[in-house]
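Report on the following structure.
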Amino acid sequence: MLADLQKEEWYHGCLPYEDIVGLLKNGGDFLLRELEPEGDRMAMPCVTVKSSKILDYPVHCLNIASDRIYTIDGTNKNKDVMDLVKYHHATGTPVDEHVKLINPVPKQPWELTSDKITLVSKIGAGAFGEVWQGWLVTATGKPPVDVAIKVTKVSDENKAKMDEMHKEARLMRQYKHRLR
């Protein structure tokens, strides 16, 4: 289900809180993202909204008969996560008492989706992950660019390493990288 959302303009995947704060500036700004797995709970979609503070509203999956039905507020339901979010946005139906989805925040140019990245060959590995040589498609019709790609092993023990990688990525996107 989360993989299906990657093509959606408002879906940001696994986005760190520090990046969310920078994107949600005004009351009613919202985005759809992945809520990381925790304990026995698997990863799930989550609507994150700027109100008086930044609030998370997980999208819950209900199994009704043989159908998977999604809900944010427990009242409004839909078979499709994105259609549910679009319903709340278009109708002004609150996701919580007075919290409305007013301004969707689209993906930023620095947010890469898996369809733009190709892993070619592993060039290194360590305790926290691997480094791959690969290609990045920057624009339709242009040849792919050679890149090095860090792939982290996801685990509770690696949380600090993931935070460090996100911090490095925030630093790196401040610079204009020359593409050959």
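Position in the sequence shown (first residue = 1) + 1036 = my numbering.
Note that the Cβ used here is the ideal one computed from N, Cα and C, for glycine as well.
Three or more Cβ pairs closer than 8 Å define a contact, and the stretch 1156-1171 falls short of that threshold against the stretch 1104-1118. Remark: C-beta atoms of G1165 and K1186 approach each other more closely than 8 Å. Y1123: member of the alpha helix (DSSP H) spanning V1117 to T1127, first to last residue.
Residues of the same chain with a CB within less than 6 Å of the CB of H1202, apart from the 5 flanking positions on each side, are P1052 in chain order.
Between V1095 and P1081 a beta carbon distance of about 4 Å is seen, short of the 8 Å cut, so the two are scored as contacting.
The alpha-carbon separation between K1043 and L1148 amounts to approximately 11 Å. Only residues of its own chain outside the window of five on either side were considered, and among them V1167 have a CB closer than 8 Å to the CB of A1161, listed in chain order. When the alpha-carbon of F1066 is set against those of S1087, L1172, E1200 and A1205, the nearest one is in S1087. Taken through DSSP and simplified to helix, strand or coil, L1071 comes out as strand. In the DSSP annotation of this structure, the continuous segment of the alpha helix (DSSP H) that includes A1039 starts and ends at L1038 to L1041.
In the three-state scheme derived from DSSP, where H, G and I count as helix and E and B as strand, D1109 is classed as coil. For D1116, the closest of A1184, L1098, V1131 and G1128 by C-alpha to C-alpha distance is L1098.
Here the C-alpha atom of A1184 lies approximately 9 Å from the C-alpha atom of L1172. Secondary structure note for G1058: its alpha helix (DSSP H) is the uninterrupted segment Y1053 to L1059.
Under the three-state reduction of DSSP output, A1196 falls in the helix class. In this structure V1131 is not in contact with V1057, their Cβ atoms being roughly 19 Å apart against a cut-off of 8 Å. Taken atom to atom, the span from the alpha-carbon of H1125 to that of Y1106 is near 15 Å.
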